[in-house]
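**Q** Counting in my numbering, the sequence shown runs from 199 upward without gaps.
Virtual Cβ for every residue (Gly too), placed ideally from N, Cα, C.
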Amino acid sequence: MRYITATAIALFTCLQGTASQEILVDLDAPDYDRWMYPFNGNPGTRTVAPTFCAFGYEIFDERDGQALLGFHTDSSVQIGLGSSSYEIQSATLTIMIDNTGVIYDDSPDPWETFVEEGPADDDQGRSVIASGVNFRGEFDGWSFGEDGAFGSLGTGVRNAYPIDFDSNGAVRDISNNVGQGFQPNPFGVGNAEGVASGDLIPEYTEIRFELDVLDPDISCYLKQGLNDGLINFIISSFHVGSQDGSGSYPNWIMKENSLVFFELAEAAGLEMAVKVVQPSETEGDVTGDGTVGIADLLDVISTWGRCPCCRSDINGDGSVDISELLNVISNWGD
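(1) For H437, which residues from the same chain have a beta carbon less than 6 Å from its beta carbon, with the 5 sequence-adjacent residues on both sides left out?
(2) With distance defined between alpha-carbon atoms, name the residue in D259, I527, E310, V472 nearest to A358.
(3) In the structure shown, what three-state DSSP assignment does F312 receive?
(4) Would a C-beta distance cut-off of 8 Å place Y284 and K453 closer than the cut-off?
(5) Could you give the C-beta distance for E464 and M234, rounded to a whole number, given that I count them as a contact under 8 Å?
(6) When the Cα atoms are used, what is the spatial distance from P228 to D519?
(7) Taking the runs of the alpha helix (DSSP H) that are 4 residues or longer, which of them lie wholly in the region 361-442?
(8) With DSSP as the reference, label S218 as helix, strand or coil.
(9) Assuming E380 contacts W309 (C-beta within less than 8 Å), just tell me the rounded distance between them.
(10) Does DSSP classify L279 as helix, strand or coil?
(11) Jot down the residue ranges of each uninterrupted beta strand (DSSP E) in the region 297-341, minimum 3 residues, whole runs only, in chain order.
(12) So the candidates are R406, Q219, V355, C505; which of them puts its Cα closest to the Cα of G367?
(13) Taking Cβ positions, are C507 and T501 nearer each other than 8 Å?
(14) Tell me the residue span of the beta strand (DSSP E) that contains F269.
(15) Just reading off the beta strand (DSSP E) that S288 is part of, what are its end residues?
(16) To the nearest angstrom, how far is it from the Cα of G392 to the Cα of G439?
(17) Which class does L462 belong to by DSSP, given the choice of helix, strand or coil?
(18) Could you name the residues that DSSP lists as bridge partners for M234?
(19) If we call anything under 8 Å between Cβ atoms a contact, is A265 one with A247?
(20) Please state the DSSP three-state secondary structure of I520.
(21) Cα separation between G339 and F460?
(22) So, at 7 Å on beta carbons, what are the nonlocal neighbours of Y201 in its own chain, with the 5 sequence-adjacent residues on each side left out?
(23) Please state if the CB of A390 and the CB of I405 are separated by a distance shorter than 8 Å.
(24) So, for L409: in the same chain, excluding its five sequence neighbours on each side, which residues have a beta-carbon less than 6 Å away from its beta-carbon?
(25) Determine the DSSP secondary structure at L351, reduced to helix, strand or coil.
(26) Consider the Cβ of V498: report whether some Cβ of chain D lies at a distance smaller than 8 Å.
See below:
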């Protein structure tokens with residue numbers, strides 16, 4: 199049985215020699231999903247992935263139980279064009295909850311509310327967030343999959359872990375953000391449509407994460423994934439865990455779940471609206487219209503400064519500055 203399908207609607211336009219393509223990507227299941235927990239004996243076949251926290255342990259990350267999702271996108275979007283060739287217009291990650299008893303919270307809680315003597319949380323429940331993924335050792339998204347080794351026991355050592363980006367765009371491991379004293383920048387916060395904050399989430403509710411594509415670093419992460427043909431996410435939460443499995447933390451439906459097989463529930467999904475601009479063969483052609491002129495100059499000026507995965511970042515150093523300006527001027531009129 200093939201678990202993944204993709205729908206791509208492409209609209210081609212040719213403007214002064216430039217080809218662009220607007221694509222709607224609809225992936226109705228991940229290529230791999232697994233519960234990231236140190237004592238999970240069947241990571242690639244487990245039917246649910248609980249997310250919960252563990253504070254004060256030397257062998258567990260604070261974000262203890264996590265759900266890892268990996269989506270191949272190469273069946274929908276051409277790969278290898280360079281990250282700046284992809285414009286992410288919108289992106290939504292979805293996943294279904296398998297259990298009841300989880301209080302819905304639609305907003306991230308300050309990290310201080312998880313500290314024993316910290317301030318009280320001003321609303322009920324704990325939010326669920328989607329993050330990017332980084333890998334340790336010799337692993338990457340392609341090699342880790344459903345059967346890659348979890349890693350050793352300890353904090354900050356698992357081989358696949360959730361990330362965000364700090365204010366300077368640096369990758370940051372958010373597995374233990376409370377102990378390290380910082381507020382993570384999630385890719386998206388779980389939204390349960392039709393459920394009021396503070397109410398219990400009904401069983402088999404779809405949780406939607408509208409990814410923050412306006413954040414330049416998150417957008418760049420997604421662009422790099424499209425360029426490679428694989429985008430990875432981790433879902434995590436700070437719900438209180440319980441050793442006997444009876445806690446009020448969410449259990450997320452994995453694609454191996456029998457409810458998915460019998461079409462009574464859905465696996466995790468990814469929806470994206472993407473514009474793909476073929477890279478120009480003309481040096482200094484930032485806009486991709488086939489010539490170097492005022493439009494390219496204005497584009498460089500308007501994106502001046504840190505600009506990861508931008509077409510105006512000609513030398514690919516993550517910043518638009520005097521180098522790009524001189525490049526456009528030196529190729530003017532070509």
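**A** Looking at the coordinates:
(1) F250, R324, Y447
(2) D259
(3) helix
(4) no
(5) About 21 Å separates the two Cβ atoms, so there is no contact after all.
(6) 39 Å
(7) 375-378, 414-426
(8) strand
(9) According to the sequence shown, residue 380 is Phe rather than Glu. At roughly 7 Å, the Cβ-Cβ gap stays under 8 Å, so F380 and W309 are in contact.
(10) coil
(11) 326-333
(12) C505
(13) no
(14) 261-270
(15) 284-294
(16) 26 Å
(17) coil
(18) Q264
(19) yes
(20) helix
(21) 29 Å
(22) Residue placement at Y201 cannot be trusted, given a pLDDT of 42 that sits under 50; the coordinates are not used to answer.
(23) yes
(24) A289, F385, G386
(25) coil
(26) No chain D is part of this structure, which consists of one protein chain only.
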